[in-house]
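Student:
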Amino acid sequence: YAFFNGQPRWIRSSTLTYALSPDYTIEYLTPSEIRKVIRRSFSRWSAVIPLNFTESSDYESSDIRIGFFRGDHGDGEAFDGVLGVLAHAFSPENGRLHLDAAERWAVDFEKEKSKVAVDLESVVTHEIGHVLGLAHSTVKESVMYPSLSPRGKKVDLRIDDVEGIQVLYGTNPNFKLKSFLESEKSIDSG
Amino acid sequence: RTLPDFTTLDADNNYGWRNFARFLDAGKGTEVNGMSELKKYLNRFGYLPIPPQNNFSDFFDDQFLSALILYQNRLGLSVTGKLDSETIASIISPRCGMSDLIKINNNTTTTTTTIHSTRR
């Protein structure tokens with residue numbers, strides 16, 4: 144695991160709000176499908192650290208602001224169309240999380256048959272790691288490893304992700320390392 | 135050598151990185167048309183500083199070799215210093231837009247300086 148320069152993290156509150164942009168979105172997935180995936184992604188991180196995430200309808204005033212943007216969208220890091228760069232986010236306490244609207248995002252590969260479909264939950268879970276203060280990991284299995292193949296899925300935090308985020312925020316009192324390692328082992332054997 | 139099949143996309147997908155597949159097995163000292171684009175890719179993700187003359191050549195030079203080795207090392211690939219199929223497959227894989235490594239001199243990239251590893 145790795146951190147950004149100076150190990151920035153969220154200190155303002157133990158509960159952060161997040162919202163989806165009402166204007167910058169995609170049409171072929173319903174808002175409720177997208178919100179369900181994002182809620183699940185946040186819950187993976189809140190399960191291991193003492194930080195809660197609350198969904199908000201007020202995009203501008205939310206701590207974390209998520210949107211689907213296309214091409215040059217004003218933050219100096221233009222998106223590049225299909226595949227290539229999928230998304231990016233900013234280190235704490237900036238809160239911006241941008242997804243490339245040109246991708247073919249999928250919430251269910253049974254329904255979405257495109258060869259270049261990208262799993263939304265995997266990418267959102269990764270970008271939330273950045274929003275919280277984790278940089279890219281060298282461990283290929285980690286959620287924080289920078290690349291993801293089309294139709295690939297990587298949503299389960301690995302011990303590398305957990306150890307890194309717990310250095311920044313401490314450990315959720317309900318987190319059980321032993322059972323986590325057992326579940327990781329079953330993922331590996333799977 | 136087999137590369138991921140999503141490099142064989144239909145014509146109307148402008149997936150620019152798939153062109154990097156043609157650099158497979160290019161070695162140090164060669165000059166390959168378009169390699170400057172691959173250098174821009176390595177610059178974008180923190181591996182290759184912008185040269186003093188402010189633009190990249192198509193030459194597989196020492197700087198590019200160092201950046202390639204850094205890339206292979208950082209992403210857990212076999213450190214060969216070559217554009218082998220594993221490295222090409224990684225380069226053309228879709229990814230997050232954030233930088234992976236060092237501060238580079240175009241001041242627009244997030245820096246990563248502290249890396250921790252865990253021994254079991």
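Residue numbers (our numbering), protein chains in the order written: chain L, 144 to 333; chain C, 135 to 254. All C-beta atoms in this analysis are idealised placements derived from N, C-alpha and C, irrespective of residue type, glycine included. Please read all numbers here as calculations on a predicted model, not as lab measurements.
Is there at least one Cβ from chain L nearer than 8 Å to C:Met169's Cβ?
Tutor: no
Student: If L:Asp304 sits next to L:Tyr144, beta carbons under 8 Å apart, how far is it from one beta carbon to the other, in whole angstroms?
Tutor: 7 Å
Student: If contacts are defined as beta-carbon pairs under 8 Å, then L:Val286 and L:Thr268 qualify, I think. What distance do you get, rounded to the angstrom?
Tutor: 5 Å
Student: With DSSP as the reference, label C:Ser227 as helix, strand or coil.
Tutor: coil
Student: Measuring CA to CA, which of L:Glu246, L:Gly214 and L:Gly217 is closest to L:Leu229?
Tutor: Put simply, of L:Glu246, L:Gly214 and L:Gly217 the residue whose alpha carbon is nearest the alpha carbon of L:Leu229 is L:Glu246.
Student: Quick check: the Cα distance between C:Gly163 and C:Leu204, rounded to an integer number of angstroms?
Tutor: 18 Å
Student: Let me see if you follow: with CB-CB separation under 8 Å, is C:Pro183 close to chain L or not?
Tutor: no
Student: In terms of DSSP beta bridges, what is L:Tyr161 paired with?
Tutor: L:Glu198 and L:Ile207
Student: Does chain C have any CB closer than 8 Å to the CB of L:Thr281?
Tutor: yes
Student: For L:Ala110, write down the residues that DSSP places opposite it in a beta bridge.
Tutor: A query on residue 110 of chain L cannot be resolved here, the shown segment of chain L reaching from 144 to 333 and no further.
Student: In the DSSP assignment, what are the bridge partners of C:Glu165?
Tutor: C:Phe193
Student: For the beta strand (DSSP E) holding C:Phe179, just list the boundary residues, first then last.
Tutor: C:Phe179 -> no beta strand (DSSP E), and no H or E assigned at all.
Student: Once DSSP output is grouped into helix, strand and coil, what is the label at L:Val191?
Tutor: coil
Student: Just checking my contact of L:Glu270 with L:Ala232 at CB under 8 Å: how many whole Å lie between their CB atoms?
Tutor: 4 Å
Student: What residue range is occupied by the uninterrupted alpha helix (DSSP H) comprising L:Val336?
Tutor: A question about residue 336 of chain L goes unanswered here, because the residues of chain L that appear run from 144 up to 333.
Student: Among C:Phe190, C:Gly215, C:Pro183 and C:Met232, which one has its Cα closest to the Cα of C:Met169?
Tutor: C:Phe190
Student: Starting from L:Phe323, trace the beta strand (DSSP E) in both directions and tell me its first and last residue.
Tutor: Run containing L:Phe323: none in the beta strand (DSSP E); it sits in the alpha helix (DSSP H), Leu320 to Ser332.
Student: Hey, is C:Leu172's beta-carbon within less than 8 Å of any beta-carbon in chain L?
Tutor: no
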